[in-house]
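Below is one structure, written out as structure tokens; comments come after it.
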Amino acid sequence: MTVDESLDNLLMRAGLTRTQIDDARGKSTNTAELGAQLEKTGAISQVRWAALLAERLGLAFSPVIDDEDAPADLVRRLSMQFCRKNKLLPLRLGADTLRVATADPLRLGPLDDLRVLYGREIEPVVVPDPALSEGINRAFDRAAGTGGLMEGFENDESLELGGGDLRVPDLLESDDEAPIIRLINQIIFQAAKDGASDIHIEPFETTSSVRYRVDGMLIEVLRPPRRIHAAMTSRIKVMASMDIAEKRLPQDGGIRTRVAGREVDIRCSTLPTAHGERVVMRLLDRSSTVLGLGQLGLSGANLENFRRLIVQSHGIILVTGPTGSGKTTTLYAALSEINSEEKNIITIEDPVEYQLPGIGQIQVNPKIELTFASGLRSILRQDPDVIMVGEIRDSDTARTAIQAALTGHLVLSTLHTNDSFSAASRLLDMGIEPFLVSSSLIGVLAQRLVRKLCLECSRPSGVAESGLAELGLGSMLGDNSRLRLRGEGCDNCRGTGYTGRTAIHELLVVDDTVRTAIMQHRDAVAIREAAVAHGTTTLRTDGTGKVRQGITSVEEILRATSEEAV
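Here is the structure:
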């Protein structure tokens, strides 16, 4: 009896029919593909298939690959492409044997190659294909790290752009061996792994610099040789469908790819400088889930009042703050909370960063005169209940948004102001009449992002030790604070003392007092005084509360808020 026949018998004893087995065999060329086909039809899971395969061949079986397996010094002798192509990963080197994970133990040639390369007898362990792929990703990630990005490039004189498919389905599955292609793929992969929002590639007189923006801060991860900067820039241009021959003018483009199974959109921008073209790439993880309002840092009265505002039937709600302060994320969270079958919600954005199920989303396109203002006018003919405008940039958009709010629509948008109290003044400066602003604006949420303290290396502290008294904040914390000081840095926080970010907020609810101030065309200072007197919490006060809870540090609050925000 052949191996295939005995495997078929095992499968039939597991409940599969001859038709299911024959159909799957007809669509597969090897053992690993057979397991994937059987799972695709719902006949059997790949975990169960791998266990049956191990049982038939008398081999060990493991459902997963532990992080303790496949150490860096063991896998560095192989390429990721070889392991992925041949469905194997060396796990552990013994005195006489090499333990190897495989999803296709019947493919003997690659296993024999490992026997010769490592000089050990092979001890196969059958692992389900998805678990093996994940294990390969993690193993080579640990082996490379940012320090290994330039490995093999220092003395390589054969750098080239390479060719092939310009839209790589998954960067980790690319088998292109051109050095520049491998380098750019690894830079993007490492950025996605580290949670970077942007990649900066900058040329200088004698060297180049690659920096990631992580938690709002730029961190240099690589200094490639200056001689390969033009090749790096050209490769990114090819991927982003830009003109590689044009080096004198700024260009914009985009890349849609997959990194370890995650869909990532990359917005690319090039800018000519004295020493070459500067490249900035903005990474948007399309597989990320939209956060809920309770996960954004909104707390207490701010959360309660904001939730009350977003269920109103009409009016304008603005979210303000500088670029990169999370305004769009907050709007997405608000829309997700109020989204229902009974409401028609339409957005116009530049760009559409995340897909929201059940919500119509429009991409701005100035080339065909689809702007925020023109798009908003078209949306009003679509019988909307709620409208989100990505940004109010001009008086035309502002006036159309206000008219929409006054005719029974809830409008959410963003505005670039330093605090919530300046939003009304900004609209007035655009030429909008005070009575229109006061009658349509119902709330303004200002926000900033601050880094959270690393729980591994931060330590408890007292008010006196932190120096808060000298800053005039000691009395704001109180005796019941869980104040912590930033640590010296550890592996968990990459030596920064911080991991992740949260937001601090300032919510201005437009009541009769604020409306009167707007009608009188009073400035932001007067509106601020009136609002604070009625209980509005400023950015710095909200931030101090998060310091009290041990979430962030005093330095972060002072960095993110101005002196006027006390």
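Numbering (our numbering), first residue to last: 1 to 566. No residue lacks a Cβ here, since even glycine has one placed at the ideal position from N, Cα and C. As the structure is a computational prediction, the values presented were derived from the model and not from experiment.
In the structure shown, F82 adopts helical secondary structure according to DSSP, grouped into three states. As for any beta strand (DSSP E) of minimum length 3 sitting wholly inside the stretch 73-126, the runs are 88-93, 97-102 and 121-126, ordered along the chain.
Per DSSP, the unbroken alpha helix (DSSP H) holding I518 starts and ends at D512 to M519. Between L16 and A43, the alpha-carbon positions lie close to 7 Å from each other. Rounded to the nearest whole angstrom, the C-alpha separation of I201 and I236 is 10 Å. With 16 or more neighbouring CB atoms inside 10 Å of its own CB, G375 falls in the buried class.
Counting only runs of at least 4 residues, the stretch 246-333 fully encloses the following alpha helix (DSSP H) elements, listed from N- to C-terminal order: 300-310. CA-CA distance, A517 to S440, rounds to 14 Å.
The Cβ atoms of V100 and P130 lie no closer than 8 Å to each other. Rounded to whole angstroms, T536 and G550 show a C-alpha spacing of 23 Å.
In the structure shown, the three-state DSSP call for E202 is strand.
Looking at the DSSP output, H505 bridges to Q447.
The C-beta distance from T233 to E205 rounds to 16 Å, too long to fall under 8 Å, and the pair is not in contact. Restricting attention to beta strand (DSSP E) runs no shorter than 3 residues, the stretch 339-409 encloses them at 345-349, 360-363 and 386-389, ordered along the chain.
Cβ neighbours of A524 within its own chain (closer than 6 Å, five residues either side excluded): F421, S422 and S425.
Minimum Cα-Cα distance from F306 among the listed residues P322, V290, L335 and T541 corresponds to L335. Selection T552, Q403, T320 and P434 evaluated against P460 yields T552 as nearest (Cα-Cα). Here I392 is near L415, since their CB atoms are less than 8 Å apart. Per DSSP, the unbroken beta strand (DSSP E) holding R213 starts and ends at S208 to V214. Taken through DSSP and simplified to helix, strand or coil, M239 comes out as helix.
When C-alpha distances from E456 are compared across D265, A446, R482 and Y498, the shortest belongs to Y498. If you compare the alpha carbons of P322, Q403, G500 and T328 with that of N418, the shortest gap goes to P322.
Going by beta carbons, T270 and P250 fall inside the 8 Å limit. Comparing alpha carbon positions, the residue from E68, L38 and P105 closest to F61 is P105. With contacts defined by Cβ atoms closer than 8 Å, I65 and V127 form a contacting pair. In this chain, the alpha helix (DSSP H) harbouring E529 covers A524 to A533. Taking C-alpha positions only, T544 is separated from E556 by approximately 10 Å.
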